[in-house]
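Remarks on the structure that follows.
There are 2 protein chains.
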Amino acid sequence: MGSRLSMNGAHLGFARNIPLFRGLTDAEKDSLLKDGGIYAYPRRNTLFIQGDAISSLYVVCAGTVQLSRSTPDGREVTTDIRSAGDTVGEKEMFSSGSRHQVSAIAVDHVEAFKLPAERVRAVAGSNVVLSRNLLASIAQSATQREVEMEHRATMKSSQVISCYLQHLCVSRGFDPRGFTLPYKKSLIASRLGMELETFSRALPVLKENGIAVEGAHVAFRDFDAVDDHTCGLCSVNDFCRAHRKIREERKAEGDEHGPENHSCAVQRI
Amino acid sequence: MGSRLSMNGAHLGFARNIPLFRGLTDAEKDSLLKDGGIYAYPRRNTLFIQGDAISSLYVVCAGTVQLSRSTPDGREVTTDIRSAGDTVGEKEMFSSGSRHQVSAIAVDHVEAFKLPAERVRAVAGSNVVLSRNLLASIAQSATQREVEMEHRATMKSSQVISCYLQHLCVSRGFDPRGFTLPYKKSLIASRLGMELETFSRALPVLKENGIAVEGAHVAFRDFDAVDDHTCGLCSVNDFCRAHRKIREERKAEGDEHGPENHSCAVQRI
DNA sequence: CGGCGTATTGACGCACCTCAAGGTAAGTGG
DNA sequence: CCACTTACCTTGAGGTGCGTCAATACGCCG
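Chains H and D supply the protein sequences, listed in that same order. Last residue of the first sequence: 274 (my numbering), numbering continuous. Last residue of the second sequence: 274 (my numbering), numbering continuous.
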């Protein structure tokens, strides 16, 4: 369920700036947001579970949400991980079928806007910008998913992990020279469709590819080696090249301690 | 490239009735279709290849199109198979990025409407029904894709095939008591992310699950056994139950030759 | 300290991939 | 009509990456 919080300026300010609302006027955004409420979901609580009626679109303001599905034979598969700025339920809202096919679980303390699905559908039906944003968002994630399917079919686990870590670094704006995993390893392994043991065993292998993982700390040591395993799609290559360039420039400037500087610059691209 | 054909009534009539255009007025449909042309693509020709600029939305009128991607290490992965009534390129049209990430190849002789992407985007921007249809279509296929990822992660190949055959039977409206595979086995195997040998070896195993495959002929013998391996999502269960019910009713009516009647009732759900 | 959640490491089996050798069927040319 | 080719599929043998089970180690907190 989650407990309703009083909506404050921080929440509103955050939700106004999510990608899904880009291009909408503040009035349009507020007209949507004011119909919703902000809710808190303590760790391990569910926003909704598989089989629930689809009633809301969620905008995650803080915390991490795990989307998972229980298979008929009782196993749990993590389909995605959503964090602040992401939406939950946008895909299902427009699929046929009126019930959730996944469960959404708060991995840590989560705060999220809960917007009535009917209202969102109505606004999308009349507002070109929102409907275009929804289209772009869903199409983008579907495309990303196709790439992942390709990865799992053709790559070995260490390569899949390599690609995921790069994508994580890019999308979260972490410093490739050193950052901390934002989730537990077991969650990431599940997200990648592999067992924790497989994940754990694959990490040492990554060192050969220029990715050093010690505990929850990740560092990209050698961008050239990393590139070997990336797909041409996730635009991670460009990112790595850009960062390599930065590093080379820094070296040229005699800034030798650069690579050891583990400051986690949160710089969205 | 494909060679341009003169548009005839059959083409128009077909394209007017695709799911993507449901709810549009005939005038709206024709306004879109008249901006496009109908093209023929001989077997093995490409509609477009990976890296091409995204210029068009394709509506397949006849034939079969394989969507595939070549991985950096030179392998080919089939991401989807589209046939008459399906669209090609609708997802990429709304993703970020202006280039195709897959190649579209005519598996047999293909005829397709080619609609200017810019025009479709424009109409989607002003027409609520079309944009809603696009949303539904993309969201639906994305959801389906998630289920497939789950399948590949948790099921063994024979179960994946079982589920695919059922889905195929449902979506194409084949008679579950007996139908012919619409594609070559190698194509299906590739679509399912497995090797042809694995596919081939898995077919005999399916007999234990009530699915008899002889050559290109498929027959669902025992719906109860089949149900064991289905996911709760693809709504195949309902379909099978419905058909089982039909069969039982026929039996009750003394219609003994029913199961041997291989008429391929094309009944879209 | 002991208990708990999390991660690592080892041993083992199996499902799938890979390479390779038929085998069937349809089309081609003599 | 029969050899020959080509495309497609099947079947066999062997290797391996990953799942599984199990034991151990690590960090955290009461």
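Just so it is clear, CB atoms sit at the ideal spot from N, CA and C, and this is done for glycine as well.
Whole-angstrom C-beta distance between residue j and residue i, which should lie under 8 Å
i	j	result
Ser-100 of chain H	Gln-71 of chain D	Not quite, the Cβ-Cβ distance comes to about 25 Å (not below 8 Å), so this is no contact.
Glu-95 of chain D	Ile-143 of chain D	6 Å
Pro-121 of chain D	Ser-36 of chain D	Wrong, their Cβ atoms sit about 12 Å apart, outside the cutoff.
Tyr-63 of chain H	Phe-19 of chain H	The pair is not a contact, with the Cβ atoms about 13 Å apart (cut-off 8 Å).
Tyr-44 of chain H	Gly-7 of chain H	4 Å
Leu-135 of chain D	Leu-29 of chain D	6 Å
Phe-26 of chain H	Lys-34 of chain H	5 Å
Ala-89 of chain H	Leu-52 of chain H	Not quite, the Cβ-Cβ distance comes to about 14 Å (not below 8 Å), so this is no contact.
Val-125 of chain D	Gly-130 of chain H	Val-125 of chain D to Gly-130 of chain H, Cβ: 18 Å. No contact.
Phe-204 of chain D	Lys-190 of chain D	6 Å
Ala-221 of chain H	Leu-186 of chain H	4 Å
Cys-174 of chain H	Phe-184 of chain H	7 Å
Ser-108 of chain D	Ile-54 of chain D	4 Å
Glu-155 of chain D	Arg-74 of chain H	6 Å
Asp-91 of chain H	Val-65 of chain H	5 Å
Thr-83 of chain D	Ser-195 of chain D	4 Å
Ala-224 of chain H	Arg-182 of chain H	6 Å
Ser-162 of chain H	Ala-217 of chain H	Not really, about 17 Å apart at Cβ, beyond 8 Å.
Pro-209 of chain H	His-114 of chain H	Not confirmed; about 33 Å, so no contact.
Arg-150 of chain D	Arg-150 of chain H	5 Å
Arg-9 of chain H	Gly-42 of chain H	5 Å
Contact set between residue i and chain H, taken where Cβ atoms lie within less than 7 Å
i	result
Gly-130 of chain D	Val-133 and Arg-137
Val-165 of chain D	Within 7 Å Cβ-Cβ: nothing; Val-165 of chain D doesn't reach chain H, min ~12 Å.
Val-82 of chain D	Glu-155, Ala-158 and Thr-159
Ile-23 of chain D	Within chain H, no residue comes near Ile-23 of chain D; the closest Cβ sits about 16 Å away, beyond 7 Å.
Terminal residues of the beta strand (DSSP E) in which residue i lies
i	result
Ser-16 of chain D	Reading off the sequence shown, one finds His at residue 16 of chain D, where the question assumed Ser. Looking at the DSSP string, His-16 of chain D is not in any beta strand (DSSP E); the run it does join, the alpha helix (DSSP H), is 14 to 21.
Ala-58 of chain D	Unbroken run through Ala-58 of chain D: none, as it is neither H nor E.
Lys-119 of chain H	115 to 121
Ser-75 of chain D	69 to 75
Leu-10 of chain D	8 to 10
Phe-225 of chain D	222 to 225
Ala-45 of chain H	42 to 46
Leu-192 of chain D	Taken as a continuous stretch (DSSP letters only), Leu-192 of chain D belongs to no beta strand (DSSP E), being part of the alpha helix (DSSP H) at 190 to 196.
Phe-53 of chain D	51 to 53
Ala-5 of chain D	Because chain D in this structure spans residues 6 to 274, residue 5 of chain D falls outside the shown range and cannot be described.
Ala-217 of chain D	216 to 219
Asp-180 of chain D	Unbroken run through Asp-180 of chain D: none, as it is neither H nor E.
Asp-85 of chain D	81 to 88
Beta-carbon neighbours of residue i, restricted to chain D and to distances below 9 Å
i	result
Gly-18 of chain H	Chain D residues near Gly-18 of chain H: none, gap ~25 Å exceeds 9 Å.
Gly-198 of chain H	Met-154, Glu-155, Arg-157, Ala-158 and Thr-159
Leu-37 of chain H	Result: empty, since nearest Cβ-Cβ is about 17 Å, beyond 9 Å.
Chain H residues whose Cβ lies nearer than 9 Å to that of residue i
i	result
Arg-27 of chain D	Result: empty, since nearest Cβ-Cβ is about 12 Å, beyond 9 Å.
Limits of the alpha helix (DSSP H) - the one that residue i falls within
i	result
Gln-164 of chain H	162 to 177
Phe-99 of chain D	95 to 99
Thr-159 of chain D	133 to 159
Phe-204 of chain H	201 to 211
Asn-31 of chain H	For clarity, residue 31 of chain H is Asp in the given sequence; the question names Asn instead. Looking at the DSSP string, the run of the alpha helix (DSSP H) that includes Asp-31 of chain H is 31 to 38.
Contact set between residue i and chain H, taken where Cβ atoms lie within less than 8 Å
i	result
Ser-146 of chain D	Ala-147
Proximal residues of chain D, C-beta to C-beta of residue i below 8 Å
i	result
Arg-150 of chain H	Ala-147, Arg-150, Glu-151 and Met-154
Leu-140 of chain H	Phe-99, Ala-129, Ser-136, Leu-139, Leu-140 and Ile-143
For the region 101 to 115 of chain D against the region 101 to 112 of chain H, do three or more pairs of beta-carbon atoms, one drawn from each stretch, fall closer than 8 Å, so that the two count as touching? Fewer than three pairs of CB atoms, one per stretch, sit closer than 8 Å, so the region 101 to 115 of chain D makes no contact with the region 101 to 112 of chain H.
What residues from the region 87 to 112 of chain D come within 9 Å of chain H, judged by C-beta to C-beta, listed N to C? Close to chain H, meaning a Cβ-Cβ distance shorter than 9 Å, are the following residues of the region 87 to 112 of chain D: Glu-95, Lys-96, Glu-97, Met-98, Phe-99, Ser-100, Ser-101, Gly-102, Gln-106 and Val-107.
Please list the residues of the region 55 to 71 of chain H that have a C-beta atom closer than 8 Å to any C-beta atom in chain D, keeping them in chain order. Of all residues in the region 55 to 71 of chain H, none has a Cβ within less than 8 Å of some Cβ in chain D.
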